[in-house]
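Quick notes on the structure that follows.
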Amino acid sequence: MVTDDPAQAACNSDIIIFVLPAFLHLKYLKLLFPYIEEGCILIGMPGQNGFEFDVRYALRIKLNSCIVINFESLPWVCGNREFGKSVEIMSIKTQLVGALQGNPSNARIPKFIVELQKLLGNLPKLIISGHLLGMTLVSPNAYSHPPIIYGRWKNWDGQPLDYKPLFYHGIDEYTAELLGKLSEEILTISRQIGQEYPQIDLSEVIFVYDWDMNHYSEYIADKTNIHTVFLTNGAYNGIVHPMLQMPNGTYLPNFNHRYLTEDIPFGLVVIRGIAAIAGVKTPYIDLVLSWCQNKLRKEYLIGSELIGKDIGETRCPQRYGLTTLPEILGLDW
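Be aware that the sequence shown starts at 26, since it is given in the working numbering, and climbs by one per residue.
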């Protein structure tokens, strides 16, 4: 059934899977709220950073009767072949990790992960592990897409190009090092939270090199370091920077692409908000975030504070009034 009626879509649903851009999650959750029943499983695939914050905000009194799962990424590397008709799957991840919050014994379908695996096939292998905040911290788009765009265009002279630069396969050593720096800052956030709340399992928050190896090992020709892993990952073949073609056939970078419009307000800003609550300094995240927000003509970060006028458009915890670790961890869930 294809419908635009939320009542028809959600009534008696055992599982609701969100395969939408992050900026639509809250809108859909609010529309579905009256029809979500006890034991329903809400799955973000991927939910992107801060999915759980939207869910808590929208579900309110129904939260404790539902199960929420967020997966770290898409099952595939894919893209539109013909919009609205067909897509091209370029590679399939080896595994896909998700985290769960809520009481699984309340689920309307007891073996829901088995059923979800059937929908995807043998790969990627679905793994449920750790705390939901771990998925918000490890979701890779937030700490890979923006720094790759920053690395490629930070010194751009404004002149058009006669080609579309390769995205992952075009990174230089500086950008690879920057990816590592952002990943290290995220690991520091995770460790800080773990020190204060050792019962919270954030073990799925891993270094960017390890993440790529876990998901793409069979595609990677040279596994020496972050730089070689990105340059030789066959899963990334043919992926180029988002570009705008000019009438004369040349190209300009498209900074209004989802790599920034989604992965900043619903990605890196979320992580930066968690860092602020955890008391962790993030100079490299701040570097990338400051440059990217300028390209988006948005204001999130002012100096070292997340107090910009556009914070309300993001999914950072502060937007929901969440300002302590117990609140972002959902310890009262």
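Ideal Cβ placement from N, Cα and C applies to all residues, glycine included.
According to DSSP, residues forming a beta bridge with residue i
{"i": "TYR276", "result": "LEU186 and GLN270"}
{"i": "VAL265", "result": "LEU191"}
{"i": "LEU67", "result": "ILE41 and VAL93"}
{"i": "ILE245", "result": "ASN258"}
{"i": "GLU330", "result": "ILE327"}
Nearest-angstrom Cα separation, counted from residue j out to residue i
{"i": "LYS320", "j": "ARG133", "result": "45 Å"}
{"i": "ASP30", "j": "ALA301", "result": "40 Å"}
{"i": "ASP153", "j": "PRO185", "result": "One detail in the question is off: residue 153 reads as Ile in this sequence, not Asp. Looking at the two C-alpha atoms, the distance is approximately 45 Å."}
{"i": "VAL254", "j": "PRO171", "result": "18 Å"}
{"i": "LEU356", "j": "HIS266", "result": "40 Å"}
{"i": "ILE245", "j": "GLY104", "result": "20 Å"}
{"i": "LEU144", "j": "GLN120", "result": "15 Å"}
{"i": "HIS252", "j": "ASP197", "result": "7 Å"}
{"i": "HIS194", "j": "TYR53", "result": "36 Å"}
{"i": "GLN318", "j": "ASP311", "result": "10 Å"}
{"i": "ALA167", "j": "TYR284", "result": "8 Å"}
{"i": "GLU365", "j": "ARG177", "result": "Any property of residue 365 remains undetermined from this structure, which presents the chain solely from 26 to 358."}
{"i": "ARG340", "j": "PHE78", "result": "7 Å"}
{"i": "SER116", "j": "LEU148", "result": "11 Å"}
{"i": "TYR82", "j": "ASP182", "result": "43 Å"}
{"i": "GLY328", "j": "ARG297", "result": "13 Å"}
{"i": "VAL93", "j": "ASN180", "result": "42 Å"}
{"i": "PRO342", "j": "TYR60", "result": "26 Å"}
{"i": "LEU347", "j": "LEU49", "result": "21 Å"}
{"i": "ARG216", "j": "LYS110", "result": "44 Å"}
{"i": "GLY205", "j": "TRP316", "result": "18 Å"}
{"i": "LYS47", "j": "GLY304", "result": "A small fix is needed here, since residue 47 is Ala in this sequence, not Lys. Roughly 26 Å separates the two Cα atoms."}
{"i": "ASN95", "j": "TYR199", "result": "32 Å"}
{"i": "PRO190", "j": "GLY263", "result": "10 Å"}
{"i": "LYS136", "j": "PRO308", "result": "43 Å"}
{"i": "ILE138", "j": "GLY146", "result": "12 Å"}
{"i": "PRO100", "j": "LEU45", "result": "14 Å"}
{"i": "ILE173", "j": "PHE192", "result": "7 Å"}
{"i": "LEU258", "j": "TYR175", "result": "The question names Leu, but residue 258 in the sequence shown is Asn. Spanning the two alpha carbons is a distance of roughly 21 Å."}
{"i": "SER242", "j": "VAL233", "result": "13 Å"}
{"i": "PHE58", "j": "GLU330", "result": "34 Å"}
{"i": "ARG344", "j": "ILE299", "result": "11 Å"}
{"i": "LYS306", "j": "LEU56", "result": "38 Å"}
{"i": "LYS118", "j": "ILE40", "result": "23 Å"}
{"i": "MET238", "j": "ILE114", "result": "20 Å"}
Buried/exposed call for residue i, threshold 16 Cβ in 10 Å
{"i": "ASP187", "result": "exposed"}
{"i": "GLY274", "result": "exposed"}
{"i": "MET271", "result": "exposed"}
{"i": "ARG106", "result": "exposed"}
{"i": "GLN33", "result": "exposed"}
{"i": "MET440", "result": "There is simply no residue 440 to check, as the chain begins at 26 and stops at 358 in what is shown."}
{"i": "ARG322", "result": "exposed"}
{"i": "PRO278", "result": "buried"}
{"i": "LEU269", "result": "exposed"}
{"i": "TYR261", "result": "buried"}
{"i": "ASN37", "result": "exposed"}
{"i": "GLU229", "result": "buried"}
{"i": "LEU354", "result": "buried"}
{"i": "THR249", "result": "exposed"}
{"i": "GLN126", "result": "buried"}
{"i": "HIS128", "result": "As written in the sequence, residue 128 is Asn, which differs from the His given in the question. It is exposed - the Cβ of ASN128 has fewer than 16 other Cβ atoms within 10 Å."}
{"i": "ASP18", "result": "Nothing about residue 18 can be read from this structure; the chain reaches only from 26 to 358."}
{"i": "ASN281", "result": "exposed"}
{"i": "PRO351", "result": "exposed"}
{"i": "VAL112", "result": "exposed"}
{"i": "SER98", "result": "buried"}
{"i": "SER164", "result": "buried"}
{"i": "SER169", "result": "buried"}
Heavy atom of the ligand HEM within 8 Å of residue i beta-carbon
{"i": "GLU287", "result": "The ligand HEM is not among the ligands present in this structure, which contains no ligands whatsoever."}
Exercise. If you pair each beta-carbon of the region 153-162 with each one of the region 221-240, do three or more pairs fall below 8 Å?
Worked result: Between the region 153-162 and the region 221-240 there are three or more C-beta pairs closer than 8 Å, enough to call the two in contact.
Exercise. So, do the region 79-96 and the region 207-214 have three or more beta carbon pairs nearer to each other than 8 Å?
Worked result: No, because fewer than three Cβ pairs between the region 79-96 and the region 207-214 fall closer than 8 Å, the two stretches do not touch.
Exercise. Going along the chain, which unbroken runs of the alpha helix (DSSP H) with 4 or more residues stay wholly within the region 291-325?
Worked result: As far as the region 291-325 is concerned, its whole alpha helix (DSSP H) runs of at least 4 residues are 294-303 and 308-321.
For this session: Only counting runs of 3 or more residues, tell me where the beta strand (DSSP E) segments fall wholly within the region 80-161, in order along the chain.
Result: Counting whole runs of 3 or more residues, the region 80-161 contains the beta strand (DSSP E) stretches 92-96, 101-107, 111-117, 120-126 and 150-153.
Exercise. Within the chosen definition, does the region 57-76 reach the region 279-293 through at least 3 CB pairs nearer than 8 Å?
Worked result: Contact check between the region 57-76 and the region 279-293: three or more CB pairs, one atom from each, fall below 8 Å, which counts as touching.
For this session: Decide if the region 283-290 is in contact with the region 321-339; the criterion is three or more beta carbon pairs, one per stretch, under 8 Å apart.
Result: Flag = yes, the region 283-290 and the region 321-339 touch.
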